[in-house]
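Q: My questions all concern the structure below.
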Amino acid sequence: MTSATHAAPGSAPPAAASGRLGARAEILAFLVMAGLLAALPLTGLIYPYFLMQALCFAIFACAFNLLIGYVGLLSFGHAMFLGTGGYIAAHSAKVWGFPPELAILAGLLAAGAIGTLVGLLAIRRQGIYFAMTTLALSQMVYFVYLQAPFTHGEDGIQSVPQGRLFGLFDLSQQQTFYYVVLAVFLIAFLLIRRIVNSPFGDILKAIRENEPRAISLGYRTERYKLMAFVLSATLAGLAGSVKALVAQNASLTDVHWTMSGEVVLMCLVGGLGTIFGPVIGAVVIIAMQQYLAGFGQWVLVIQGVIFIACVLAFRRGIVGEIIAFAQWRGAEKR
Amino acid sequence: MQSRTITALLAAVAATALTVGSATAQDNKTVRIGNLSDQSGLYADLGGPGSTLAAQMAIEDSGLVAKGWKIDVIAGDHQNKPDVGTNIARQWYDVDKVDVIVDTPNSGVALAVNQVTREKNKAFLNSGAATSDLSGKACSPNTVHWTYDTWMLAHGTGEAVVKSGGDSWFFLTADYAFGHALERDTTEVVKANKGTVTGAVRHPLNTADFSSFLLQAQSSKAKIIGLANAGGDTTNSIKQASEFGIVAGGQKLAALLLFLPDVHALGLQVAQGLTFTETFYWDMNDQTRAFSKRFSERMKNKMMPSMVHAGVYSAVLHYLKAMEALGGNPGDGAKVVAKMKEMPTDDALFGKGTIRADGRKIHPAYLFEVKKPAESKGPWDYYKLVATIPADKAFRPAAEGGCSLVK
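Shown next, in the form of structure tokens:
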């Protein structure tokens with residue numbers, strides 16, 4: 021699970037302090053997160069449906085973070101993968117009568133396929149041009165979904181059947197569905213952690229830090245970037261597919277460019293390039309939208325203010341600042 | 132040591148972010164009404180805050196609070212997005228103890244809420260949405276469609292226009308459930324009256340610039356440009372059509388759905404001569420005038436009620452009557468709606484009426500024409516009654532809707 025390059029806590033040199041917890045702390049934090057999420061719906065304090073949505077967005081944000089946090093590529097079109105996953109899963113479940121596991125698989129593969137096409141075009145450029153290419157392509161995808169008959173335009177695909185997972189679990193039971201979503205989230209989370217900590221992940225980070233140098237070391241960075249892009253798109257598609265089944269609808273909201281912006285915000289608030297950051301960020305943003313919904317359009321203004329505050333005051337995001345604080349404390353003690 | 136601190140911090144952050152929730156005790160004489168509407172967008176004037184006020188007034192006029200009932204109304208903004216609307220509806224039913232959702236303009240959202248309401252066995256009293264599918268193929272034992280629908284609009288306005296010589300049509304249609312239903316129902320009427328439809332162009336919901344759509348409509352050479360849209364979209368297309376000189380060029384506009392706030396927004400200069408169908412106008416009789424005066428005094432912008440507001444008032448009043456007859460216990464939505472259908476309706480705004488098995492509320496409809504500026508005697512004096520369509524002719528016969536509840 022962990023790679024030898026990351027030293028135990030306490031002895032971490034400042035150079036390696038770029039948003040990484042010690043391996044032991046990370047596992048502990050993961051267990052706490054999993055336990056907390058497993059226990060929460062039992063307390064009855066929180067609406068399970070809200071938690072499911074938050075978890076779907078957490079997968080989405082983690083997928084996005086894989087790209088921006090570890091390869092340094094800012095995609096401004098990730099909504100197209102979320103939306104594609106959602107539309108394909110919803111359509112295949114409703115019209116073709118797919119069981120949920122196949123519907124999710126279909127959504128995920130479709131997002132991966134679009135991710136490959138978009139990735140092939142987009143990774144040829146860097147920085148702002150990369151962001152603009154992905155934005156442009158995602159707007160094209162948006163208008164296709166606006167006009168395509170199977171998406172039903174503004175109405176979206178409504179009353180998507182939830183069905184039985186593997187013919188066993190009745191997903192229309194909220195409790196059952198919650199634990200399925202939780203399992204999907206934890207698997208996706210561990211998968212991303214595995215990718216980040218693998219030799220492949222190390223090369224991604226090398227590309228983030230200094231691409232010409234990675235090239236000079238003999239790596240064909242384009243291939244690595246494409247691979248990371250496709251992985252990220254596929255996982256975003258997974259989030260979209262699960263979300264479509266949870267909400268029982270797929271709509272234009274999920275492909276709109278504001279969704280691409282929202283995921284950037286989630287990662288920023290939580291902490292870019294930290295493994296837990298996007299999860300916290302997603303929960304915070306979704307909770308805000310949920311509990312501030314009474315303010316109507318003002319939610320966007322509030323989000324904007326938080327974005328500004330985040331960029332000005334705590335650039336590393338919630339988790340990033342916590343890690344930095346812990347490392348600073350650790351350094352003080354020594 | 133260090134790792135434990137981090138863990139604790141993480142847990143604390145997660146916990147504070149997540150620990151919000153609510154649970155309230157409920158006895159059987161507590162009713163909560165949710166006004167799920169467009170609170171800030173293009174339909175906010177015809178529904179929105181006015182519908183909350185209308186529901187509030189119905190609660191007061193029911194007299195149930197004096198008898199010890201606890202009834203309140205909360206509002207939500209669906210932003211014209213079906214996914215947002217579904218989320219709010221689901222949360223209201225699951226967490227916030229809402230028993231009945233009212234208003235809900237935007238047919239796309241209404242169809243989604245219709246579905247959720249049926250799943251959760253609550254009640255849905257729709258006033259703002261137009262699609263005739265709510266009492267047709269999407270009908271539900273938990274839903275009453277109160278004020279108007281696309282079939283009524285098509286037959287009221289469409290028939291009148293074709294009979295006065297407007298026999299070739301081109302549609303400007305809002306591209307979602309409502310526009311499609313209105314275009315479909317009007318096309319049927321035009322064809323049944325030996326008229327022709329030369330074409331249609333679909334525009335996105337909430338469009339600011341209609342120029343390219345209007346130019347297509349203009350070049351179609353159809354005598355009538357049928358506006359199958361609503362609210363801000365209708366006022367925008369009428370204003371821009373007048374700027375393009377379409378009406379001056381000999382083509383006529385048929386606003387298939389026009390509300391009082393739309394006419395107010397357009398002004399009589401632009402709106403004069405438009406013919407359209409509604410089921411309520413504030414200046415019909417002493418009772419409607421008295422209600423509208425009370426309503427307008429309590430509105431922030433002193434607006435007169437639209438037919439949607441009137442529908443919300445009337446629907447909530449009837450719902451509470453059924454509630455009283457049942458002695459409380461709003462939990463079983465289908466049972467309450469069944470009671471509503473059993474009891475004849477009677478209120479100051481729509482007069483006597485009934486609710487059909489398919490959930491369609493039946494009352495007369497009126498064909499109005501917008502007055503010329505010279506004819507208007509004062510503020511909000513906008514309509515001239517052209518014809519009254521009796522209740523039994525105003526709505527689609529139950530057998531033709533394809534509703535599974537009709538035997």
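The listed protein sequences correspond, in order, to chains Y and F.
When we follow this note's numbering, the leftmost residue of the first sequence carries the number 21, and every step to the right adds one.
When we follow this note's numbering, the leftmost residue of the second sequence carries the number 132, and every step to the right adds one.
Yeah, the Cβ is synthetic: ideal placement off N, Cα and C, and Gly gets one too.
These numbers were taken from a predicted model, which means no experiment stands behind them.
Could you pull out every residue in the same chain whose Cβ sits closer than 6 Å to the Cβ of H303 of chain Y, ignoring the five residues on either side in sequence?
A: Indexing the first sequence from 1 puts residue 303 of chain Y at position 283. Correcting the residue identity first, residue 303 of chain Y is Val in this sequence and not His. So the list reads A74, once near-sequence residues are dropped.
Q: Please look up how many angstroms separate the CB atoms of G105 of chain Y and L128 of chain Y, rounded, as I've assumed it's under 8 Å.
A: In the first sequence, residue 105 of chain Y corresponds to position 85, counting from 1. In the first sequence, residue 128 of chain Y corresponds to position 108, counting from 1. With 8 Å as the limit, G105 of chain Y and L128 of chain Y qualify as a contact, their Cβ atoms being about 6 Å apart.
Q: How would you label F163 of chain Y, buried or exposed, when you count the other beta carbons within 10 angstroms and need 16 or more for buried?
A: Mapped onto the first sequence, residue 163 of chain Y falls at position 143. Counting Cβ neighbours within 10 Å, F163 of chain Y comes out exposed, since fewer than 16 surround it.
Q: Per DSSP, what are the beta-bridge partners of E409 of chain F in this structure?
A: The sequence position of residue 409 of chain F within the second sequence is 278, counting from 1. BP columns for E409 of chain F point to F:Y497.
Q: Give a yes or no on whether the minimum CB-CB distance between L536 of chain F and chain Y is below 8 Å.
A: Here residue 536 of chain F corresponds to residue number 405 of the second sequence, with the count starting at 1. No, L536 of chain F lies away from the interface with chain Y (no Cβ there is under 8 Å from its Cβ).
Q: Which chain Y residues are close to D225 of chain F, counting only those with a beta carbon under 8 Å from its beta carbon?
A: Mapped onto the second sequence, residue 225 of chain F falls at position 94. Under the 8 Å cutoff, chain Y gives Y67 and Y69.
Q: If we call anything under 8 Å between Cβ atoms a contact, is T101 of chain F one with A291 of chain F?
A: In this structure chain F extends from 132 to 538, so residue 101 of chain F is not present and cannot be described.
Q: By the three-class DSSP mapping on this structure, what secondary structure does S95 of chain Y have?
A: The residue given as residue 95 of chain Y occupies position 75 in the first sequence. DSSP places S95 of chain Y in coil when its eight states are reduced to three.
Q: If you draw a straight line from the C-alpha of A154 of chain F to the C-alpha of Q310 of chain Y, how long is it?
A: For the purposes of this step, residue 154 of chain F is identified with residue 23 of the second sequence, where counting begins at 1. For the purposes of this step, residue 310 of chain Y is identified with residue 290 of the first sequence, where counting begins at 1. With a pLDDT of 37 at A154 of chain F, under the threshold of 50, the modelled position of this residue cannot be trusted, and the question is left open.
Q: Does DSSP classify T114 of chain F as helix, strand or coil?
A: The first residue shown for chain F is 132 and the last is 538, placing residue 114 of chain F beyond what the model contains.
Q: Pull out every residue of the region 211-235 of chain F whose Cβ sits closer than 9 Å to any Cβ of chain Y, in chain order.
A: So the close ones are N211, K212, P213, D214, V215, T217, N218, I219, R221, Q222, D225 and V226.
Q: First and last residue of the beta strand (DSSP E) that includes G482 of chain F?
A: On the second sequence, position 351 is the one that residue 482 of chain F refers to. Note, G482 of chain F: beta strand (DSSP E), G482 to I486.
Q: Taking the alpha carbon of I380 of chain Y as the reference point, which residue from Y:L86, Y:F315 and Y:L48 has its own alpha carbon closest?
A: No information on residue 380 of chain Y is available, as it lies outside the stretch 21 to 354 that chain Y covers here.
Q: Which term fits G207 of chain F, buried or exposed, when burial requires 16 or more other beta carbons within 10 angstroms of its beta carbon?
A: Within the second sequence, the letter at position 76 stands for residue 207 of chain F. Buried, since its Cβ has 16 or more Cβ neighbours within 10 Å.
Q: Taking only the alpha-carbon atoms, compute the straight-line gap between A49 of chain Y and Y199 of chain Y and give it to the nearest angstrom.
A: Numbered from 1 along the first sequence, position 29 holds the residue referred to as residue 49 of chain Y. Numbered from 1 along the first sequence, position 179 holds the residue referred to as residue 199 of chain Y. Cα-Cα distance, rounded: 19 Å.
Q: Can you tell me whether K472 of chain F is helix, strand or coil according to DSSP?
A: Position 341 of the second sequence, counted from the start, is the residue given in the question as residue 472 of chain F. Note: K472 of chain F maps to helix in three-state DSSP.
Q: Got a sec? Which residues, its chain only, sit under 6 Å from V216 of chain Y by beta carbon, not counting five neighbours each side?
A: Within the first sequence, numbered from 1, the residue matching residue 216 of chain Y stands at position 196. For V216 of chain Y, where only same-chain residues beyond five positions count, the Cβ hits under 6 Å are Y90.
Q: What did DSSP end up calling A186 of chain F once you bin it into helix, strand or coil?
A: Locating residue 186 of chain F in the second sequence gives position 55, where the first residue counts as 1. Looking at A186 of chain F - three-state DSSP - the assignment turns out to be helix.
Q: Under the three-state reduction of DSSP, which class applies to W116 of chain Y: helix, strand or coil?
A: Here residue 116 of chain Y corresponds to residue number 96 of the first sequence, with the count starting at 1. W116 of chain Y: coil per DSSP, three-state reduction.
Q: Does the separation of the CB atoms of G301 of chain Y and L320 of chain Y fall below 8 Å?
A: For the purposes of this step, residue 301 of chain Y is taken as the residue at position 281 of the first sequence. For the purposes of this step, residue 320 of chain Y is taken as the residue at position 300 of the first sequence. No, these two residues do not count as a Cβ contact at 8 Å.
Q: Just list the residues that DSSP pairs V231 of chain F with in beta bridges.
A: Translated into the one-based positions of the second sequence, residue 231 of chain F becomes position 100. F:I164 and F:A254, per the DSSP bridge assignment.
Q: Taking only runs that begin and end inside the region 303-359 of chain F, name each unbroken beta strand (DSSP E) of 3 or more residues, in chain order.
A: Fully enclosed beta strand (DSSP E) runs of 3 or longer: 327-334 and 355-359.
Q: Report the residue from F:Y444, F:S351, F:R420 and F:N257 whose alpha carbon sits nearest the alpha carbon of W300 of chain F.
A: Position 169 of the second sequence, counted from the start, is the residue given in the question as residue 300 of chain F. The candidate whose alpha carbon is nearest that of W300 of chain F is F:S351.
Q: Considering only residues of the region 107-169 of chain Y, which uninterrupted alpha helix (DSSP H) runs meet the minimum length of 4 residues and lie entirely inside it, listed in chain order?
A: Runs of the alpha helix (DSSP H) inside the region 107-169 of chain Y: 120-142 and 147-167.
Q: Mapping the DSSP letters down to three states, classify H276 of chain F as helix, strand or coil.
A: Looking up residue 276 of chain F in the second sequence gives position 145. Three-state DSSP puts H276 of chain F in a strand.
Q: Cutting at 6 Å between CB atoms, please list the residues of its own chain near V240 of chain F, excluding the five before and the five after it.
A: Position 109 of the second sequence, counted from the start, is the residue given in the question as residue 240 of chain F. Result list for V240 of chain F: H209, P213 and G216, in chain order.
Q: Under 7 Å from any heavy atom of the ligand COA, does the C-beta of A59 of chain Y make it?
A: Judged by which ligands are present, the structure shown has none, so any question about the ligand COA falls away.
Q: Counting only C-beta atoms, is A312 of chain F closer than 8 Å to chain Y at any point?
A: Indexing the second sequence from 1 puts residue 312 of chain F at position 181. No, its Cβ sits nowhere closer than 8 Å to a Cβ of chain Y.
Q: Given this structure, state the Cα-to-Cα distance separating Y224 of chain F from F170 of chain Y, to the nearest angstrom.
A: Walking along the second sequence from the start, residue 224 of chain F turns up at place 93. Walking along the first sequence from the start, residue 170 of chain Y turns up at place 150. So the alpha carbons of these two residues sit roughly 30 Å apart.
Q: Pull up the distance between the alpha-carbon of I520 of chain F and that of L399 of chain F, whole angstroms please.
A: Locating residue 520 of chain F in the second sequence gives position 389, counting from the first residue. Locating residue 399 of chain F in the second sequence gives position 268, counting from the first residue. For I520 of chain F and L399 of chain F, the distance between alpha carbons rounds to 25 Å.
Q: Jot down the residue ranges of each uninterrupted alpha helix (DSSP H) in the region 183-235 of chain Y, minimum 4 residues, whole runs only, in chain order.
A: DSSP runs (the alpha helix (DSSP H)) wholly in the region 183-235 of chain Y: 194-217 and 219-229.
Q: Are Y513 of chain F and V401 of chain F close, meaning C-beta to C-beta below 8 Å?
A: As a working note, residue 513 of chain F is residue 382 in the second sequence. As a working note, residue 401 of chain F is residue 270 in the second sequence. Not in contact: Y513 of chain F and V401 of chain F (Cβ atoms no closer than 8 Å).
Q: Using a threshold of 8 Å, state whether the C-beta atoms of A131 of chain Y and A270 of chain Y are closer than that.
A: In the first sequence, counting from the first residue as 1, residue 131 of chain Y sits at position 111. In the first sequence, counting from the first residue as 1, residue 270 of chain Y sits at position 250. Going by C-beta atoms, A131 of chain Y is not nearer than 8 Å to A270 of chain Y.
Q: Can we say the region 476-487 of chain F touches the region 409-421 of chain F, given the rule of at least three CB pairs closer than 8 Å?
A: The region 476-487 of chain F, when compared against the region 409-421 of chain F, does touch it at the 8 Å Cβ threshold.
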